[in-house]
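For reference, the structure discussed in these notes is given below.
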Amino acid sequence: MANQDYVSRTPAKNKKKPRNGKRAAKNANVLTLKTKLASLILVILIGAFSYGLWSLKTDPSTKTPLAESVKTVPAQKAINKSTALPEPPKEKWTYVKNLASKEIEVGEYKVVEKGPYKMQCGSFRTQKQAETLKARIAFTGLEAQVKSVTGKSGLWHKVFLGPYPRKRLAEKDKHKLKRNNINYCQIWLWR
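Residue numbers for the sequence shown follow our numbering, beginning at 2 and rising by one.
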């Protein structure tokens, strides 16, 4: 198929011509008449609004300060005693007095620590994998240990941290390791 050059072609002329030239002129006059009427109404509304603002500004009743009107209100209430508020009732609650003389009983209890804790971060078949995790933990600022244990399924190299005297200290280090993308650490009692 041959390429067509659309740029060099001249645009097609509008074949529809109005039958009567008077209709087009009449429609143009109507549009201008509508816009003239809308603009006249807008000017009248703006003028009325600005006159209203000016009349509020120059009206003497709007110039009285607010403080004077507040001062006159209590004087009128003093004259009309029948609408005055009654005295507040006497307080029948004794909560405030009881609170001053109240004694609190404190129960004695003892927190029992279960023992030292350790945090295990991995268990590997090869020593090299365990040493790699130990190095990653060392980059976070913590010191890990590797212990080789023979179990039912063979030799395992466990990477752990501790001992921690309280579980809260172990949790603190666990969150530090999570922030450094070392996950899956478990906290257990030291055995």
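Virtual Cβ for every residue (Gly too), placed ideally from N, Cα, C.
Nearest-angstrom Cα separation, counted from Pro87 out to Leu46: The straight-line gap from Cα to Cα measures roughly 53 Å.
Less than 7 Å between the C-beta atoms of Val160 and Leu134, yes or no? Against a cut-off of 7 Å, the Cβ pair of Leu134 and Val160 comes out as a contact.
So, are the CB atoms of Leu170 and Met120 less than 7 Å apart? No; because the gap between Cβ atoms is not below 7 Å, this pair is not in contact.
In angstroms, rounded to a whole number, what distance separates the CA positions of Glu128 and Cys122? Reading the sequence as shown, one finds Gln at residue 128 and not Glu. Approximately 14 Å, taken between the alpha carbons.
Does the Cβ-Cβ distance between Thr151 and Asn181 come in under 7 Å? Remark: C-beta atoms of Thr151 and Asn181 do not approach each other more closely than 7 Å.
Exposed or buried, Lys175, counting other C-beta atoms within 10 Å across all chains shown (16 or more means buried)? Classification for Lys175: buried.
Pro61 in three-state terms, based on DSSP: DSSP places Pro61 in helix when its eight states are reduced to three.
According to the neighbour-count rule (16 or more other Cβ atoms, all chains shown, within 10 Å of its Cβ), is Ile105 buried or exposed? Here Ile105 is exposed. Its C-beta has fewer than 16 other C-beta atoms within 10 Å.
Tell me, which residues are paired with Leu125 by DSSP? Looking at the sequence provided, one finds Phe at residue 125 rather than Leu. Note: Phe125 sits in a beta bridge opposite His158.
Return the CA-CA distance between Thr36 and Ser51, expressed in angstroms with no decimal places. Rounded to the nearest angstrom, the two C-alpha atoms are 23 Å apart.
Close Cβ partners of Trp94 (< 7 Å) along its chain, the five nearest in sequence each way excluded: Residues of the same chain with a CB within less than 7 Å of the CB of Trp94, apart from the 5 flanking positions on each side, do not exist.
Taking C-alpha atoms, which residue in Ala139, Arg137, His158, Lys153 lies nearest to Val147? With distances taken between Cα atoms, Val147 lies closest to His158.
Buried or exposed, going by whether 16 or more other CB atoms sit within 10 Å of the CB of Tyr185? It is exposed - the Cβ of Tyr185 has fewer than 16 other Cβ atoms within 10 Å.
Closest by CA to Glu132, which one among Ser149, Ser56, Lys179, Arg167? In terms of Cα proximity to Glu132, the closest of Ser149, Ser56, Lys179, Arg167 is Ser149.
Roughly how many angstroms lie between the CA atoms of Lys91 and Val107, to the nearest whole one? Straight-line measurement puts the Cα of Val107 at about 35 Å from the Cα of Lys91.
Whose C-alpha, out of Lys168, Pro164, Asp60, Lys111, is nearest the C-alpha of Ala145? Looking at the Cα atoms, Pro164 is the closest of the given residues.
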